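Working notes, beginning with the structure itself.
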Amino acid sequence: MSHWFYITPDEYELAAMIGISAIVLEVRIRSLGWSKERALTEPPQTKRALKGEWMKVAEQNGICYSTFRYRVNRLGWDMERAATQPLQDRKAQAKAAHEASRKYDPDLVAQASNNDVPYDTFRKRVTASKWSPEKAATTPVMTSSEIGLMTKDKRTLSFSRHSRAWNGSFVTR
52 MSHWFYITPD EYELAAMIGI SAIVLEVRIR SLGWSKERAL TEPPQTKRAL
102 KGEWMKVAEQ NGICYSTFRY RVNRLGWDME RAATQPLQDR KAQAKAAHEA
152 SRKYDPDLVA QASNNDVPYD TFRKRVTASK WSPEKAATTP VMTSSEIGLM
202 TKDKRTLSFS RHSRAWNGSF VTR
């Protein structure tokens, strides 16, 4: 078994020539579990200096330094966009996330609500009962008396099937 975590002096020299510091090399191999090949070939991340005109523009637009730095270095935005695009309002951000994660068409949910179909009933009809969303939204909920009549009919059908098989006498042996 080779000691993949042992870094030879030659590997330290090779990393230094590429521009990778000894600490970065050790973290990549020992902490992050990178292969030696990847740790020695992938250049370290460079971060652009964020001083000057665009930083002042960002501050004037109410964008703090950390947000500006995140936009440029992590998101890869150009300096102009990072400094001028306004921060998104929390409520607007939450609303956009909610709309993006919506599973059912809002029109169908509203139609179901207009037809007195509760949202949970609509959802269960679509997921558990495999109804189409249109059918789930338009089919009204059965009342308890309708359910009672339906079960009564089932019981009479079931009883009539059993009564035909029974001839009215018990067989004793």
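Just so we're on the same page, my numbering is the position in the sequence shown counted from 1, plus 51.
Yeah, the Cβ is synthetic: ideal placement off N, Cα and C, and Gly gets one too.
This one's a predicted model, so the numbers in the text were calculated from it and none came from an experiment.
{"Query": "Continuous beta strand (DSSP E) assignments of at least 3 residues falling wholly in the stretch 156 to 180", "Result": "none"}
{"Query": "Buried/exposed call for A133, threshold 16 Cβ in 10 Å", "Result": "buried"}
{"Query": "Three-state class that DSSP yields for W105 in the structure shown", "Result": "helix"}
{"Query": "Neighbourhood of F119 by C-beta, 8 Å cutoff - its chain only, sequence neighbours within 5 removed", "Result": "L101, W105, M106, A109, A133 and A134"}
{"Query": "Bounding residues of the alpha helix (DSSP H) (the contiguous stretch that carries K146)", "Result": "R141 to A151"}
{"Query": "Local conformation of L76 per DSSP, three classes", "Result": "helix"}
{"Query": "Alpha-carbon spacing of R153 relative to R122, whole angstroms", "Result": "27 Å"}
{"Query": "Nearest residue (CA-CA) to I69, options K87, L91 and I58", "Result": "L91"}
{"Query": "Buried or exposed (CB count within 10 angstroms, at least 16 for buried), K87", "Result": "buried"}
{"Query": "Start-to-end residues for the alpha helix (DSSP H) that takes in T118", "Result": "Y116 to R120"}
{"Query": "Simplified DSSP state of K154, which is helix, strand or coil", "Result": "coil"}
{"Query": "Cβ distance (whole Å) where F56 is taken to contact R81 below 8 Å", "Result": "5 Å"}
{"Query": "Close-in-space but distant-in-sequence residues of the same chain around R176 (CB under 7 Å, 5 per side omitted)", "Result": "W182 and A187"}
{"Query": "Distance CB(T58)-CB(L83) smaller than 8 Å", "Result": "Rather than Thr, the amino acid found at residue 58 in this sequence is Ile. No, the pair does not count as a contact, with Cβ atoms beyond the cut-off."}
{"Query": "D140 to C115 span [Cα, whole Å]", "Result": "15 Å"}
{"Query": "Limits of the alpha helix (DSSP H) - the one that Y57 falls within", "Result": "Neither: Y57 is in no alpha helix (DSSP H) and is coded neither H nor E."}
{"Query": "Close-in-space but distant-in-sequence residues of the same chain around V192 (CB under 8 Å, 5 per side omitted)", "Result": "D167, V168, P169 and T172"}
{"Query": "Presumed contact (8 Å Cβ cut-off) between I74 and P95, rounded CB distance", "Result": "Not really, about 11 Å apart at Cβ, beyond 8 Å."}
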